[in-house]
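In the UniProt record's numbering, the protein residues as written are 1 to 293.
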């Protein structure tokens, strides 16, 4: 496949964005049954189980003796746990519209970290394409639901969430430079994330688990976690083969795929001028990045 150019960082990034959107829709099915907080844990569990089931196929002893283990573990400490909490706090203070708009700046932070940490270079073409995608995602996430007043410091919450996610991408690439195994990166990060989630939730409110009852929603959360795990595998593979600067803007297109799935399959979305404008910005942006890649 590689010889005929089908498996490229761009196509893998597209796959990751699409799968992440699928994961969002699958977990949304689980939300119909409740278990909001428990669902987040079950989702991370699904991703972690997926990687450990595959581990006999890729895991090598020498992986554990490298600095990459520490890098991937640190990523697991703050993503998705810290970034998700920043995002939730931002919604509470700022509302979903402003939060989503500011969070869509993640590719710009990814460019910054890629230059500072990895020494990657940014061309004018890729910068313009990245900016177009960021604007498009910002337009797409506008829902017209803003809060009348909010503290200025709260703006740091969604920006912090975006920066944390972007830092995770750059650090993943850094670790892959030592151990070029995308599955190992996911295995370590998700295992640490699961441990953090368990410790945090048990310390906050053990009734979540004591009062939890079986429902089909738990299966949806688990399935969504598996899909997210595959999405991260695809993302890590794209980062392993390509650069952060060209991969992350493509991955940030997941809201576009989420909308398309909601419109075509789940019948929860409708086309508007805002959607068309976002698409008109996304298509040339993606083409420019694909050409640069």
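C-beta atoms are modelled at their ideal positions from N, C-alpha and C, and glycine is treated no differently.
These numbers were taken from a predicted model, which means no experiment stands behind them.
Leaving aside the five residues that flank residue 123 on each side, the residues in its chain whose CB is nearer than 8 angstroms to its CB run, in chain order, 292.
Your pair residue 256 and residue 140 checks out as a contact, with CB atoms roughly 6 angstroms apart and the cut at 8 angstroms.
Shortest Cα-Cα distance from residue 221 to any of 47, 7 and 10 involves 47. A distance below 8 angstroms separates the beta carbons of residue 231 and residue 20. Apart from the 5 residues on each side of it in sequence, residue 14 sits with its Cβ closer than 7 angstroms to the Cβ of 250 in its chain, given in chain order.
For residue 261, the secondary structure class from DSSP, reduced to helix, strand or coil, is helix. In the assembly as shown, residue 243 is a buried residue. Its beta-carbon has 16 or more other beta-carbons within 10 Å. Excluding five sequence positions before and after residue 224, the CB atoms of its chain that fall closer than 6 angstroms to its own CB belong to 23, 26, 27 and 43, given in chain order. Runs of alpha helix (DSSP H) with 4 or more residues, each lying fully within the region 134-201, are found at 156-176, listed in chain order.
Between residue 71 and residue 201, the CB-CB gap reaches or exceeds 8 angstroms.
The beta carbon of residue 111 sits closer than 7 angstroms to the beta carbons of 122, 130 and 245 from its chain, once the five residues preceding and following it are set aside; these are given in chain order.
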